[in-house]
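*Asks:* Following this message is one structure expressed as structure tokens.
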Amino acid sequence: MADKPRIKLPKEAAKGEVIQIKTLVSHVMESGQRKDAQGKTIPRKIINKFACEFNGKPVFACALEPAISANPYIQFDARIDEAGTFKFSWTDDDGTVIAAEEKIALKA
Amino acid sequence: MKAINRRQAFALGGGFVLLTLMPMAADAEVTNDAAKWIEKFTGGKQPAKGRISLDLPEIAENGNTVPLSINIESPMTAESYVKDVMIIADGNPNAGVATLSFTPMSGKAEASIRIRLATTQNVIAIAKMSDGSLFTEQKTVKVTIGGCGG
Numbered sequence: 179m180a181d182k183p184r185i186k187l188p189k190e191a192a193k194g195e196v197i198q199i200k201t202l203v204s205h206v207m208e209s210g211q212r213k214d215a216q217g218k219t220i221p222r223k224i225i226n227k228f229a230c231e232f233n234g235k236p237v238f239a240c241a242l243e244p245a246i247s248a249n250p251y252i253q254f255d256a257r258i259d260e261a262g263t264f265k266f267s268w269t270d271d272d273g274t275v276i277a278a279e280e281k282i283a284l285k286a
Numbered sequence: 003m004k005a006i007n008r009r010q011a012f013a014l015g016g017g018f019v020l021l022t023l024m025p026m027a028a029d030a031e032v033t034n035d036a037a038k039w040i041e042k043f044t045g046g047k048q049p050a051k052g053r054i055s056l057d058l059p060e061i062a063e064n065g066n067t068v069p070l071s072i073n074i075e076s077p078m079t080a081e082s083y084v085k086d087v088m089i090i091a092d093g094n095p096n097a098g099v100a101t102l103s104f105t106p107m108s109g110k111a112e113a114s115i116r117i118r119l120a121t122t123q124n125v126i127a128i129a130k131m132s133d134g135s136l137f138t139e140q141k142t143v144k145v146t147i148g149g150c151g152g
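Chains as they are written, first to last, in this note's numbering: chain A, 179 to 286; chain B, 3 to 152.
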């Protein structure tokens, strides 16, 4: 949980270019279906929402269900029209938010 | 304690297998609410085939992480873009997998995630465009080891 999310995107892009962003965050994604050794159900604990913004505008979001694998990997695209900052957030069932930022520049 | 004879041992073993299989089978029948999810997303409208390419392995050895890629044909401009894409698994304890929300800033309606599949089943994607039209695509995945947990 304490691990920093891993985000991969180019440092710079040409104006209008569509770039690919890869993200991976460490999380158990406990489905709420499994039972422990005593036969008790292990309560659900997952990341239920991922969102990506660029300069404050939404780019991509994803509502996640327990059918998402542990350490959720999400890959998507973004069109770059200006230099700026990507903001990423992963929201846990318990309300905590894992946040990260990445900057991108325009190619000269 | 009396030693167990061969016949009893078989009976016991059989019981075990049944016990371990039972909860999963029961879950799949009672709680898979795929139709409800689809109904809620489409509002009862019938989605058309096409425009979506859904990429999943034909056979997944490990149901715990099955790579899924989706790509939807769309100009992705402010006038015409893919809004939401719902992904459903019709054989999991819960049908919902993920709902992806794109914007014109996404550039391409393309994404990859990794999903859990409890058993061999269909994975269904339904895309909602900005003009309200709906498209669907589905793939059957054979799962060798289920990712149901347990």
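The beta-carbon is built from N, C-alpha and C at its ideal position, and this holds for glycine as well.
Using beta-carbon positions only, say whether A:S209 and A:D181 come within less than 8 Å of one another.
*Replies:* No, the pair does not count as a contact, with Cβ atoms beyond the cut-off.
*Asks:* Less than 8 Å between the beta carbons of B:A111 and B:M78, yes or no?
*Replies:* Yes, Cβ-Cβ distance for B:A111 and B:M78 is below 8 Å.
*Asks:* Counting only Cβ pairs nearer than 8 Å, list the residues of chain D close to A:I252.
*Replies:* No chain D appears in this structure, whose protein chains are A and B.
*Asks:* Kindly list, in the order they appear in chain A, the residues whose Cβ is closer than 7 Å to that of B:F104.
*Replies:* Those are F238, listed as they occur along chain A.
*Asks:* For B:P59, count neighbouring C-beta atoms within 10 Å of its own C-beta (all shown protein chains included) and say buried if the count is 16 or more, exposed if not.
*Replies:* Exposed, since its Cβ has fewer than 16 Cβ neighbours within 10 Å.
*Asks:* Does A:D235 have its Cβ less than 8 Å from a Cβ in chain B?
*Replies:* It is Lys, not Asp, that sits at residue 235 of chain A in the sequence shown. It does; some Cβ of chain B falls within 8 Å.
*Asks:* Where do the N-terminal and C-terminal ends of the alpha helix (DSSP H) with A:K200 fall, by residue?
*Replies:* Looking at the DSSP string, A:K200 is not in any alpha helix (DSSP H); the run it does join, the beta strand (DSSP E), is V196 to L202.
*Asks:* Is B:A100 close to chain A, meaning its C-beta is less than 8 Å from at least one C-beta of that chain?
*Replies:* Closer than 8 Å to some Cβ of chain A, the Cβ of B:A100 qualifies, so yes.
*Asks:* Counting contacts by CB-CB distance shorter than 8 Å, is A:W268 in contact with chain B?
*Replies:* It does not: the Cβ of A:W268 has no partner Cβ on chain B nearer than 8 Å.
*Asks:* Please check if any C-beta of chain A sits within less than 8 Å of the C-beta of B:V145.
*Replies:* Chain A, which has no Cβ nearer than 8 Å to the Cβ of B:V145, makes this no.
*Asks:* Specify the secondary structure class of B:T142 as computed by DSSP and reduced to three states.
*Replies:* Three-state DSSP puts B:T142 in a strand.
*Asks:* Just checking: is the beta-carbon of A:Y242 within a distance shorter than 8 Å of some beta-carbon in chain B?
*Replies:* The amino acid occupying residue 242 of chain A in the given sequence is Leu; Tyr does not appear at that position. Yes, its Cβ sits closer than 8 Å to a Cβ of chain B.
*Asks:* Would B:S55 be called buried (16 or more neighbouring beta carbons within 10 Å of its own) or exposed?
*Replies:* It is exposed - the Cβ of B:S55 has fewer than 16 other Cβ atoms within 10 Å.
*Asks:* When DSSP builds the beta bridges, which residues end up paired with B:E63?
*Replies:* DSSP, once it has assigned bridges, lists no residue as partnering B:E63.
*Asks:* Assuming A:Q253 and A:I199 are in contact, meaning their beta carbons sit under 8 Å apart, how far apart are those beta carbons, in whole angstroms?
*Replies:* Their Cβ separation, rounded to whole angstroms, is 7 Å, which keeps A:Q253 and A:I199 in contact under 8 Å.
*Asks:* Quick one: which residues of the stretch 212-228 of chain A get their C-beta closer than 7 Å to a C-beta of chain B? List them in chain order.
*Replies:* Listed in sequence order: R212 and K213.
*Asks:* Would you tell me roughly how many angstroms separate the C-alpha atoms of B:M26 and B:E81, rounded to the nearest one?
*Replies:* Low per-residue confidence applies at B:M26: pLDDT is 46, beneath 50, and the placement is therefore not dependable enough to give any value.
*Asks:* For A:Q211, which option in B:N96, B:D133 and B:P106 has the closest C-alpha, if you only look at C-alpha atoms?
*Replies:* Closest option to A:Q211, Cα to Cα, is B:N96.
*Asks:* Can you tell me whether DSSP reads A:S247 as helix, strand or coil?
*Replies:* Reduced to three states, the DSSP call for A:S247 is coil.
*Asks:* Is B:A208 near B:I61, with beta carbons less than 8 Å apart?
*Replies:* In this structure chain B extends from 3 to 152, so residue 208 of chain B is not present and cannot be described.
*Asks:* Take the Cβ of A:E231 as the centre, count every other Cβ of all protein chains shown within 10 Å, and call the residue buried at 16 or more, exposed below.
*Replies:* Under this definition A:E231 is a buried residue.
*Asks:* Can you list, in chain order, the residues of the stretch 52-66 of chain B whose Cβ is nearer than 9 Å to any Cβ on chain A?
*Replies:* Listed in sequence order: N66.
*Asks:* In chain order, what residues of the stretch 73-103 of chain B put their CB closer than 8 Å to some CB of chain A?
*Replies:* Flagged, chain order: M78, A91, N94, P95, N96, G98, V99, A100, T101, L102 and S103.
*Asks:* Between B:A113 and the rest of its own chain, which residues show a CB-CB distance below 7 Å, the 5 nearest in sequence each way excluded?
*Replies:* For B:A113, where only same-chain residues beyond five positions count, the Cβ hits under 7 Å are I72 and L102.
*Asks:* When burial is assigned at 16 or more other CB atoms within 10 Å of the CB, is B:S135 buried or exposed?
*Replies:* Classification of B:S135: exposed, given that the 10 Å Cβ count is below 16.
*Asks:* Which residues in the same chain as B:M24 place their Cβ atom closer than 8 Å to its Cβ, once the five residues preceding and following it in sequence are excluded?
*Replies:* Only weak support is given to the placement of B:M24: the predicted model assigns it a pLDDT of 46, under 50, and the value that follows is read from those uncertain coordinates. Excluding sequence neighbours, B:M24 sits near nothing in its chain.
*Asks:* Does the beta carbon of B:M107 sit closer than 8 Å to a beta carbon anywhere in chain A?
*Replies:* Chain A contact via Cβ: present.
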